[in-house]
Each structure stands twice: as C-alpha cells, then as structure tokens.
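Read the structure below first, then the notes.
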Amino acid sequence: MAKKTFARSDRVADQIQRELAGMLQKGLKDPRVGWVTITAVDVTRDYSHAKIYYTVMNESAREATAAALADAAGYLRNELGRRIRLFSMPQLHFVYDESIERGMYMNRLLDEVAEADARLPDNPVDEAGTEGKA
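Going from the sequence shown to this note's numbering is simple: count from 1 and add 1196.
So, in structure tokens, the structure goes:
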C-alpha cells in the first residue's frame, strides 16, 4: 500500500492560506474588505504564481472586495515574504470561488425536484418492474 506524500508546493499553499487568512482578519485595514474567507490556494510548481480562491459573506460587496484584494496583492505578498521563508514569493492572483454558490444552486434544484416528486400521485410498481393499477 503506497503512502500518500504531499508535495512541497501543497505545503507552501497551505501555509500561504493560513497566513493570508490571518492577515485579512487582523492586518488589512482596507474598509472594502469585509468578511472574506480563503477557500483554497494553488501554487505553481516553480512558485512564481499563486491563485487565491476566496468567498465573501455579503454578495453586494463582491466587486468592491475583488478590487480591494487586487490593490492589496503587493502588500500581502510583501507581508507573506516576511512570514514565510521562500526563495521567491509567488505573485498573488485572487479568484472568486463560485463552488459554494454552485452547490447551493444544485441543492435548490434537488429540493425542487423532490418537492415536485412528492406532489405526484403514487404510482406503485409491482415486483416485475411494471406499473400496477392503484
């Protein structure tokens, strides 16, 4: 049985995620950045770029938050360089994570199908798999 090992880039991505979450919570003073959650970080193999996936609690502030994070990318990269010792700190690219919204949309669709199915009259199926008469 093979033991799963984590690549160094995965560990670096995890460390960047933890540090950024702390910095956004306590260190960033931009009022445009409200409740931001860092959901994932992907770092390229050569550590030159990092995609930072985030979500916001307030949908109306989504565009303002995106602009604020883009403006603060240089500052955040500099602060990460002080906290994490890497030969080269990756450039930060912030990407809005829509997976939570897609998941909620899929759940809503499934609920609608289940509700529509519950409204249908019962149509029993006999053991042979053919529809029987009720």
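Cβ coordinates follow ideal geometry from the N, Cα and C atoms, glycine included.
(message) Which residue wins for smallest C-alpha separation from L1220, given the options Y1243, A1266, M1300, G1299?
(response) Here residue 1220 is taken as the residue at index 24 of the sequence shown, counted from 1. Checked all of Y1243, A1266, M1300, G1299; the closest Cα to L1220 is A1266.
(request) For D1238, name the three-state secondary structure that DSSP assigns. (result) Within the sequence shown, numbered from 1, the residue matching residue 1238 stands at position 42. Correct three-state label for D1238: strand.
(request) Since I believe L1216 is in contact with A1268 (beta carbons under 8 angstroms), could you give me their beta-carbon distance rounded to a whole number of angstroms? (result) Residue numbering aside, residue 1268 sits at position 72 when the sequence shown is read from its first letter. Residue numbering aside, residue 1216 sits at position 20 when the sequence shown is read from its first letter. Not a contact, Cβ separation roughly 10 angstroms.
(request) List the endpoints of the continuous beta strand (DSSP E) containing V1252. (result) Translated into positions along the sequence shown, residue 1252 becomes position 56. Unbroken beta strand (DSSP E) run through V1252: 1245-1252.
(request) Excluding the 5 residues preceding and the 5 following D1226 in the sequence, name in chain order all residues of the same chain whose CB lies nearer than 7 angstroms to its CB. (result) Here residue 1226 corresponds to residue number 30 of the sequence shown, with the count starting at 1. Correct list, in chain order: A1264, A1268.
(message) Here's the rule: buried if 16 or more other CB atoms are within 10 angstroms of the residue's CB, otherwise exposed. What is A1209?
(response) In the sequence shown, residue 1209 corresponds to position 13, counting from 1. Buried is the call here.
(request) Could you give the DSSP three-state label for V1232: helix, strand or coil? (result) Looking up residue 1232 in the sequence shown gives position 36. In the structure shown, V1232 sits in a strand (DSSP, three-state: E or B).
(request) Would you kindly work out how many angstroms separate the C-alpha atoms of L1282 and T1235, rounded to a whole number? (result) Taking the sequence shown and counting its residues from 1, the one referred to as residue 1282 is at position 86. Taking the sequence shown and counting its residues from 1, the one referred to as residue 1235 is at position 39. Going from the Cα of L1282 to the Cα of T1235 covers about 22 angstroms.
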